[in-house]
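Asker: Chains as they are written, first to last, in our numbering: chain A, 1 to 244; chain B, 245 to 488; chain C, 489 to 732; chain D, 733 to 976. Note that CB positions come from ideal geometry on N, CA and C, so glycine has one too. Sharing a structure here in structure tokens format.
Protein chains: 4
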Amino acid sequence: MKLKSVGLKDIKFPVSVREKSGELQETVASISLHADVPKRYRDTCVSTFIAALNNHQDDMSVNILPTLLSDVQEELQAEAVHLEMTFPYFIKKKAPVTRTASLMEYTCRFTCSAGKDEDFILSVWVPVTTLCPCSKEISSAGAHNQRAEVNFNVKFKGFIWLEDLIDLVESAASSQVFALLKRPDEKHVTEQAFNNPMFVEDVVRKVAELATAHKNISWFSVGVESFESIHKHSAYAYVDSTEI
Amino acid sequence: MKLKSVGLKDIKFPVSVREKSGELQETVASISLHADVPKRYRDTCVSTFIAALNNHQDDMSVNILPTLLSDVQEELQAEAVHLEMTFPYFIKKKAPVTRTASLMEYTCRFTCSAGKDEDFILSVWVPVTTLCPCSKEISSAGAHNQRAEVNFNVKFKGFIWLEDLIDLVESAASSQVFALLKRPDEKHVTEQAFNNPMFVEDVVRKVAELATAHKNISWFSVGVESFESIHKHSAYAYVDSTEI
Amino acid sequence: MKLKSVGLKDIKFPVSVREKSGELQETVASISLHADVPKRYRDTCVSTFIAALNNHQDDMSVNILPTLLSDVQEELQAEAVHLEMTFPYFIKKKAPVTRTASLMEYTCRFTCSAGKDEDFILSVWVPVTTLCPCSKEISSAGAHNQRAEVNFNVKFKGFIWLEDLIDLVESAASSQVFALLKRPDEKHVTEQAFNNPMFVEDVVRKVAELATAHKNISWFSVGVESFESIHKHSAYAYVDSTEI
Amino acid sequence: MKLKSVGLKDIKFPVSVREKSGELQETVASISLHADVPKRYRDTCVSTFIAALNNHQDDMSVNILPTLLSDVQEELQAEAVHLEMTFPYFIKKKAPVTRTASLMEYTCRFTCSAGKDEDFILSVWVPVTTLCPCSKEISSAGAHNQRAEVNFNVKFKGFIWLEDLIDLVESAASSQVFALLKRPDEKHVTEQAFNNPMFVEDVVRKVAELATAHKNISWFSVGVESFESIHKHSAYAYVDSTEI
Numbered sequence: 001m002k003l004k005s006v007g008l009k010d011i012k013f014p015v016s017v018r019e020k021s022g023e024l025q026e027t028v029a030s031i032s033l034h035a036d037v038p039k040r041y042r043d044t045c046v047s048t049f050i051a052a053l054n055n056h057q058d059d060m061s062v063n064i065l066p067t068l069l070s071d072v073q074e075e076l077q078a079e080a081v082h083l084e085m086t087f088p089y090f091i092k093k094k095a096p097v098t099r100t101a102s103l104m105e106y107t108c109r110f111t112c113s114a115g116k117d118e119d120f121i122l123s124v125w126v127p128v129t130t131l132c133p134c135s136k137e138i139s140s141a142g143a144h145n146q147r148a149e150v151n152f153n154v155k156f157k158g159f160i161w162l163e164d165l166i167d168l169v170e171s172a173a174s175s176q177v178f179a180l181l182k183r184p185d186e187k188h189v190t191e192q193a194f195n196n197p198m199f200v201e202d203v204v205r206k207v208a209e210l211a212t213a214h215k216n217i218s219w220f221s222v223g224v225e226s227f228e229s230i231h232k233h234s235a236y237a238y239v240d241s242t243e244i
Numbered sequence: 245m246k247l248k249s250v251g252l253k254d255i256k257f258p259v260s261v262r263e264k265s266g267e268l269q270e271t272v273a274s275i276s277l278h279a280d281v282p283k284r285y286r287d288t289c290v291s292t293f294i295a296a297l298n299n300h301q302d303d304m305s306v307n308i309l310p311t312l313l314s315d316v317q318e319e320l321q322a323e324a325v326h327l328e329m330t331f332p333y334f335i336k337k338k339a340p341v342t343r344t345a346s347l348m349e350y351t352c353r354f355t356c357s358a359g360k361d362e363d364f365i366l367s368v369w370v371p372v373t374t375l376c377p378c379s380k381e382i383s384s385a386g387a388h389n390q391r392a393e394v395n396f397n398v399k400f401k402g403f404i405w406l407e408d409l410i411d412l413v414e415s416a417a418s419s420q421v422f423a424l425l426k427r428p429d430e431k432h433v434t435e436q437a438f439n440n441p442m443f444v445e446d447v448v449r450k451v452a453e454l455a456t457a458h459k460n461i462s463w464f465s466v467g468v469e470s471f472e473s474i475h476k477h478s479a480y481a482y483v484d485s486t487e488i
Numbered sequence: 489m490k491l492k493s494v495g496l497k498d499i500k501f502p503v504s505v506r507e508k509s510g511e512l513q514e515t516v517a518s519i520s521l522h523a524d525v526p527k528r529y530r531d532t533c534v535s536t537f538i539a540a541l542n543n544h545q546d547d548m549s550v551n552i553l554p555t556l557l558s559d560v561q562e563e564l565q566a567e568a569v570h571l572e573m574t575f576p577y578f579i580k581k582k583a584p585v586t587r588t589a590s591l592m593e594y595t596c597r598f599t600c601s602a603g604k605d606e607d608f609i610l611s612v613w614v615p616v617t618t619l620c621p622c623s624k625e626i627s628s629a630g631a632h633n634q635r636a637e638v639n640f641n642v643k644f645k646g647f648i649w650l651e652d653l654i655d656l657v658e659s660a661a662s663s664q665v666f667a668l669l670k671r672p673d674e675k676h677v678t679e680q681a682f683n684n685p686m687f688v689e690d691v692v693r694k695v696a697e698l699a700t701a702h703k704n705i706s707w708f709s710v711g712v713e714s715f716e717s718i719h720k721h722s723a724y725a726y727v728d729s730t731e732i
Numbered sequence: 733m734k735l736k737s738v739g740l741k742d743i744k745f746p747v748s749v750r751e752k753s754g755e756l757q758e759t760v761a762s763i764s765l766h767a768d769v770p771k772r773y774r775d776t777c778v779s780t781f782i783a784a785l786n787n788h789q790d791d792m793s794v795n796i797l798p799t800l801l802s803d804v805q806e807e808l809q810a811e812a813v814h815l816e817m818t819f820p821y822f823i824k825k826k827a828p829v830t831r832t833a834s835l836m837e838y839t840c841r842f843t844c845s846a847g848k849d850e851d852f853i854l855s856v857w858v859p860v861t862t863l864c865p866c867s868k869e870i871s872s873a874g875a876h877n878q879r880a881e882v883n884f885n886v887k888f889k890g891f892i893w894l895e896d897l898i899d900l901v902e903s904a905a906s907s908q909v910f911a912l913l914k915r916p917d918e919k920h921v922t923e924q925a926f927n928n929p930m931f932v933e934d935v936v937r938k939v940a941e942l943a944t945a946h947k948n949i950s951w952f953s954v955g956v957e958s959f960e961s962i963h964k965h966s967a968y969a970y971v972d973s974t975e976i
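So, in structure tokens, the structure goes:
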């Protein structure tokens with residue numbers, strides 16, 4: 001019987017991720033690595049993998065990962081090698097009115113396979129605001145709204161920056177979310193959300209439309225979970241490009 | 245050197261908790277038990293404890309726990325025995341307008357010590373809605389709102405039902421939260437929250453006022469965490485009765 | 489654009505699950521429900537679903553779920569309806585030597601789809617002990633061992649009890665895990681694990697062999713995560729029946 | 733009624749922490765800030781706090797935090813300000829025999845209060861191996877062992893590096909834990925653990941003895957949770973210096 005994969009799960013490692021600005025951002029990743037191998041190999045795998053991580057630790061860009069994995073695959077003589085690294089990523093955002101700058105954190109993931117099933121998936125988790133169209137329509141004033149989280153995963157041709165994926169998602173909700181808002185900014189996002197009511201399914205559709213229109217995205221999936229302010233459970237919607 | 249405590253952490257166990265209605269509610273608890281003991285005793289402790297759990301598994305009411313723990317303490321000849329059991333607890337709530345019934349789940353905890361530091365703390369975690377007074381005041385329409393979680397812990401004289409603690413908290417926020425709301429109910433909770441804007445510190449103060457006025461509550465603490473819809477972080481406020 | 493699914497995530501609900509013994513076991517599930525629908529439908533979906541849950545709350549057996557979901561699907565006129573319910577499940581196990589009985593908790597899941605993609609997957613997460621063959625071979629005494637968790641998912645023809653899936657997994661590791669062991673039992677499991685060293689990939693292979701040989705299992709996947717006692721990360725192996 | 737505290741919870745922020753080597757280590761912290769204030773102040777607090785974080789982001793050493801908090805306290809005219817920052821911290825460790833270097837990650841926390849309740853607590857969570865003395869004594873070969881986690885919290889006079897606290901804990905268990913071990917190293921840690929059996933209460937006592945003897949530690953608490961390889965639950969022991 002052939003094993004699909006053997007490897008390591010959830011090892012923490014400091015990494016540098018290249019920003020769209022050209023700078024390197026220092027962050028901390030949780031990494032899993034699996035290899036498809038014909039026989040027992042764990043000791044070699046760990047050594048090879050940890051060595052590769054150490055060699056490339058200071059520039060984990062989307063460009064370098066496939067090379068890193070190919071090297072590991074060759075050394076292990078594996079049919080395929082799979083890497084998943086999840087990390088917090090920071091972007092300096094400006095508040096919408098006062099332009100006050102603050103750092104927003106986004107969870108991001110690179111999922112990369114070398115060998116037989118060569119593949120690369122970029123994932124971002126983006127917090128946004130959703131405001132309920134039904135609640136707005138039926139109420140004499142106000143409308144329930146809440147934080148929601150959009151998980152957006154893409155395969156690409158050409159190249160895509162994490163910053164561009166996050167921008168795309170943030171343009172598709174009732175409002176963006178910020179780390180720091182002064183009073184004129186808070187007024188702006190409150191009114192923007194109220195003027196732009198969206199169900200989770202509306203956010204999913206909007207992200208999917210933008211992704212479909214993007215020339216560098218060859219596949220995508222998008223899920224939106226809304227932490228409903230009037231319930232203890234979440235509302236959820238999902239679509240992927242194979243459904244469209 | 246004397247050890248403060250030795251014991252078990254996070255064992256799952258089916259338990260029955262007595263409802264205010266008189267019924268027993270079947271649920272599943274995560275239980276930790278620690279004992280203050282002069283010497284090594286773990287084997288005995290586990291056997292004694294598991295036996296006690298099995299004997300009382302079918303009626304874990306607030307009344308019975310102290311007896312159960314005293315029995316354990318005596319058998320172990322421990323200076324003190326500490327039990328913490330955390331469990332989901334269900335209450336059938338009626339929607340505010342249509343009176344449609346649905347089950348709401350609340351996380352609850354009994355923290356009970358027998359012996360030297362005899363004590364009993366009831367804890368409830370209650371989801372509520374908070375609507376931001378500042379956002380309402382400065383915006384031409386709408387106001388950001390979100391789910392918040394109130395953690396309310398009390399010591400008591402006389403007796404208090406979990407149902408009464410939960411009621412007290414639910415009356416102290418911008419609005420209650422429900423599992424099932426029909427359209428007239430959704431209109432009602434949206435408008436109620438809009439007419440009742442509260443910061444986390446307002447909810448904390450309101451719960452503290454009601455707790456102070458309650459004849460059976462001898463000590464309390466209350467913390468409110470609001471999952472802000474316009475930020476990725478939470479707003480938080482806390483007070484306990486020793487501060488008042 | 490067609491939405492794949494819209495629904496609810498992570499609502500807690502008390503359910504009864506039928507045991508192999510014929511008894512009903514009361515437990516608490518975390519439930520997600522999604523439907524594939526052509527248009528906006530959330531209000532109806534929630535009402536229909538909560539009503540269905542209430543009607544069947546007291547006997548959530550593997551037999552009844554497909555019927556429940558078909559009813560929901562028809563009422564919603566959805567192409568498909570998907571339910572995922574995850575719950576703690578208790579089995580009274582006897583210690584290997586003294587036969588002392590205690591309750592062990594296993595996380596279980598039913599994943600059920602009605603309509604276009606009719607499907608049923610049973611999942612169990614079973615804690616076991618793994619003892620490292622390499623560590624045993626190279627050391628003058630002892631061998632590192634640790635708790636591991638086996639996630640076993642199956643599709644079936646005929647019928648399979650959760651108890652049987654759990655038994656299958658527990659027979660495939662270095663040793664089983666228990667809630668309560670007296671000294672002769674602890675001696676037994678220590679020696680059994682030492683005489684039965686297995687890497688994560690060995691456990692995966694053994695579960696896969698037993699699953700392949702089982703006449704009622706039509707598809708399976710198995711993943712094993714071992715919380716290595718000499719590392720901070722986990723060892724992991726995975727296989728599914730499409731690889732064999 | 734006076735509020736104990738109002739603030740923010742769980743904001744992620746990139747920080748630099750000074751290593752014992754003199755270098756600065758880039759990492760990502762989860763930060764909570766609370767202030768004891770007589771009146772509503774949240775907007776000011778957030779701005780003041782975010783500004784302070786940005787000013788000091790590049791050198792979050794134990795020396796600088798009290799100054800940072802005093803500045804915040806003065807600006808807010810708060811009676812006290814409390815900061816809690818939790819972050820992964822990496823130390824390059826050498827394997828015991830081959831001296832192969834690899835990065836180990838430890839969760840660390842600074843808890844710092846300025847004003848009325850001036851205070852500073854250093855916390856580390858250190859993974860170690862525990863090997864059961866009872867299992868070794870009664871079994872013909874082998875002994876169950878597992879990963880355990882030691883949480884060690886100290887107040888200090890003079891100065892203490894995170895590296896020194898971690899060293900102290902790692903010397904107090906059956907064996908240390910490493911990210912990368914070659915075969916001679918694995919043999920060494922396996923045998924070391926087997927020759928050094930310890931219950932959770934033994935690890936707690938040993939850490940407490942070393943802490944009591946340390947000239948710069950003025951208060952401590954230590955808790956050990958052992959993820960038992962033969963059970964699904966944890967064994968736990970705790971002591972603090974007020975008990976000794």
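1. Counting along the chain, where does the alpha helix (DSSP H) carrying Glu484 of chain C start and finish?
2. May I ask you to verify whether the region 665-677 of chain C touches the region 645-657 of chain C, counting CB pairs closer than 8 angstroms and requiring at least 3?
3. Do you know offhand how far His721 of chain C's Cα is from Asn885 of chain D's?
4. On the DSSP bridge assignment, give the partners of Glu149 of chain A in chain order.
5. Taking 8 angstroms as the threshold, find out whether the region 263-281 of chain B comes into contact with the region 324-342 of chain B through three or more Cβ pairs.
6. How is the beta strand (DSSP E) around His34 of chain A delimited, first residue to last?
7. Please determine, among A:Glu170, A:Val239, A:Leu103 and A:Phe159, the residue with the shortest C-alpha to C-alpha distance to Lys20 of chain A.
8. May I ask you to verify whether the region 906-915 of chain D touches the region 848-863 of chain D, counting CB pairs closer than 8 angstroms and requiring at least 3?
9. Could you tell me whether any Cβ in chain D is nearer than 8 angstroms to the Cβ of Glu567 of chain C?
10. Would you identify the three-state DSSP class for His920 of chain D, choosing helix, strand or coil?
11. Between the region 328-341 of chain B and the region 379-395 of chain B, do three or more beta carbon pairs fall short of 8 angstroms?
12. Which residue comes first and which comes last in the alpha helix (DSSP H) that contains Thr311 of chain B?
13. Assign Asp117 of chain A to one of two classes, buried (16 or more other C-beta atoms within 10 Å of its C-beta) or exposed (fewer than that).
14. By the 8 angstroms beta-carbon criterion, what residues does the region 735-751 of chain D contribute toward chain A?
15. What's the C-alpha gap between Phe257 of chain B and Tyr238 of chain A?
16. Quick one: Cα of Ile609 of chain C to Cα of Thr599 of chain C, how far?
17. Helix, strand or coil, according to DSSP, for Lys868 of chain D in the structure here?
18. Could you work out which residue in A:Ser229, A:Glu23, A:Pro133 and A:Ile230 is closest to Asn195 of chain A when comparing CA atoms only?
19. How about Val72 of chain A: is its C-beta nearer than 8 angstroms to some C-beta of chain C?
20. So with Cβ pairs under 8 angstroms, would you call Lys232 of chain A a contact of chain D?
21. Can you pull the chain C residues whose beta carbon is under 7 angstroms from the beta carbon of Glu225 of chain A, in chain order?
22. Which stretch, first to last residue, makes up the alpha helix (DSSP H) that contains Thr486 of chain B?
23. Which residues of the region 891-912 of chain D have a Cβ closer than 8 angstroms to any Cβ of chain B? Give them in chain order.
24. Within 8 angstroms of any Cβ in chain A, is that where the Cβ of Val703 of chain D sits?
25. Applying the criterion that 16 or more other CB atoms from any shown protein chain within 10 Å of the CB defines a buried residue, is Thr759 of chain D buried or exposed?
26. What separation, rounded to the nearest whole angstrom, lies between the Cα atoms of Ala29 of chain A and Leu412 of chain B?
27. May I ask which residues mark the beginning and end of the beta strand (DSSP E) holding Lys253 of chain B?
28. Does any residue of chain C have a CB that is nearer than 8 angstroms to the CB of Tyr89 of chain A?
29. Using the Cβ count rule (16 or more neighbours within 10 Å means buried), how would you classify Gln317 of chain B?
Answerer: Let me spell this out:
1. Absent from the model: residue 484 of chain C. The displayed extent of chain C is 489 to 732, so no value can be given.
2. no
3. For the purposes of this step, residue 721 of chain C is taken as the residue at position 233 of the third sequence. For the purposes of this step, residue 885 of chain D is taken as the residue at position 153 of the fourth sequence. Those two C-alpha atoms are separated by around 23 angstroms.
4. Against the first sequence, residue 149 of chain A aligns to sequence position 149. Its beta-bridge partners are A:Pro127 and A:Glu225.
5. yes
6. As a first step, residue 34 of chain A must be located in the first sequence, where it is residue number 34. Leu24 to Asp36 is the span of the beta strand (DSSP E), which, as asked, contains His34 of chain A.
7. Position 20 of the first sequence, counting from 1, holds the residue named residue 20 of chain A. Answer by Cα proximity: A:Phe159.
8. yes
9. Along the third sequence, read from residue 1 onward, the residue named residue 567 of chain C stands at position 79. No, its Cβ sits nowhere closer than 8 angstroms to a Cβ of chain D.
10. Position 188 of the fourth sequence holds residue 920 of chain D. Residue state, collapsed to three classes: helix.
11. no
12. Taking the second sequence and counting its residues from 1, one reaches residue 311 of chain B at position 67. Thr311 of chain B -> alpha helix (DSSP H) spans Leu309 to Leu320.
13. By 1-based counting over the first sequence, the position of residue 117 of chain A is 117. Exposed is the call here.
14. Ile743, Lys744, Phe745 and Pro746
15. For the purposes of this step, residue 257 of chain B is taken as residue 13 along the second sequence, with counting starting at 1. For the purposes of this step, residue 238 of chain A is taken as residue 238 along the first sequence, with counting starting at 1. Rounded to whole angstroms, Phe257 of chain B to Tyr238 of chain A spans 35 angstroms at the Cα level.
16. By one-based count along the third sequence, residue 609 of chain C stands at place 121. By one-based count along the third sequence, residue 599 of chain C stands at place 111. If I take the Cα positions, the gap works out to 5 angstroms.
17. Taking the first residue of the fourth sequence as 1, we reach residue 868 of chain D at position 136. Three-state DSSP puts Lys868 of chain D in a helix.
18. Locating residue 195 of chain A in the first sequence gives position 195, counting from the first residue. When each option's Cα is compared against that of Asn195 of chain A, the closest is A:Pro133.
19. Residue numbering aside, residue 72 of chain A sits at position 72 when the first sequence is read from its first letter. By this cut-off, Val72 of chain A is not an interface position.
20. Numbered from 1 along the first sequence, position 232 holds the residue referred to as residue 232 of chain A. It does not: the Cβ of Lys232 of chain A has no partner Cβ on chain D nearer than 8 angstroms.
21. Within the first sequence, residue 225 of chain A is the residue found at index 225, counting from 1. Chain C residues near Glu225 of chain A: Lys497.
22. The sequence position of residue 486 of chain B within the second sequence is 242, counting from 1. Careful: Thr486 of chain B lies outside any alpha helix (DSSP H) and carries neither H nor E.
23. none
24. Given a span of 733 to 976 for chain D in the structure shown, any question on residue 703 of chain D remains unanswerable.
25. Position 27 of the fourth sequence, counted from the first residue, corresponds to residue 759 of chain D. So Thr759 of chain D counts as buried.
26. Numbered from its first residue, the first sequence carries residue 29 of chain A at position 29. Numbered from its first residue, the second sequence carries residue 412 of chain B at position 168. Ala29 of chain A and Leu412 of chain B: Cα-Cα distance of roughly 43 angstroms.
27. Your numbering for residue 253 of chain B matches position 9 in the second sequence. Ser249 to Arg262 is the extent of the beta strand (DSSP E) around Lys253 of chain B.
28. In the first sequence, counting from the first residue as 1, residue 89 of chain A sits at position 89. Chain C contact via Cβ: absent.
29. Within the second sequence, the letter at position 73 stands for residue 317 of chain B. Buried, by the Cβ-count rule.
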